[in-house]
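Enquirer: Residue numbers (my numbering): 268 to 367.
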Amino acid sequence: MLVEITGTLVYEDVNKVSEEIKGLFAEGHDKIIIDLSGITHVNSKGIGALISVKASAGLGSRQFVILNPSQDVVKILTITKLLDIFTVCKNIEEAKRLLK
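1) Where Ala322 and Gly305 are concerned, what is the direct C-alpha to C-alpha distance, given to the nearest angstrom?
2) Smallest Cα separation from Leu344: which of Asn310, Gly325, His296?
3) In the DSSP assignment, find the unbroken alpha helix (DSSP H) run with Ser311 in it and report its ends.
4) With 16 as the cutoff for other CB atoms within 10 Å, does Ser328 come out buried or exposed?
5) So the candidates are Gly325, Val341, Leu303, Asn358; which of them puts its Cα closest to the Cα of Asp351?
6) Sorted by chain position, which residues of the same chain lie with C-beta nearer than 8 angstroms to Asn358's C-beta, five sequence neighbours on each side aside?
7) CA-CA distance, Arg436 and Cys356?
8) Is the Cβ-Cβ distance between Ile288 and Ile301 less than 8 angstroms?
9) Note the first and the last residue of the continuous alpha helix (DSSP H) segment covering Leu344.
10) Shortest alpha-carbon distance to Val332 belongs to which of Tyr278, Leu366, Asp280?
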């Protein structure tokens, strides 16, 4: 399942995005690709949402990968030293291969 997130991932957007992805897990989608290439800005709340999704995925045999994150996302994840806790893919083929 591919989820494309565009625009900002800040305060007012975070709950919607987090609940959407957790809802997909609850519906039985156990492999999700989160496309963050269209994110123009992310803050600590947005990073918190990604960590929350990762924690939810870890409760079962669910997996998700981050696809082609924007420079802003990569910068924040690098500064916070969180880049290594996520599986990040540069293209859809790589993401699909890793989720098999």
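Note that beta-carbon positions come from the ideal geometry of N, C-alpha and C, so glycine has one too.
Expert: According to the structure data:
1) 23 angstroms
2) Among Asn310, Gly325, His296, the Cα nearest to that of Leu344 belongs to Asn310.
3) 311-324
4) Exposed, because fewer than 16 other Cβ atoms sit within 10 Å of the Cβ of Ser328.
5) Val341
6) Leu334, Asn335
7) Outside the displayed span of the chain (268 to 367) sits residue 436, for which this structure offers no information.
8) yes
9) 338-346
10) Leu366
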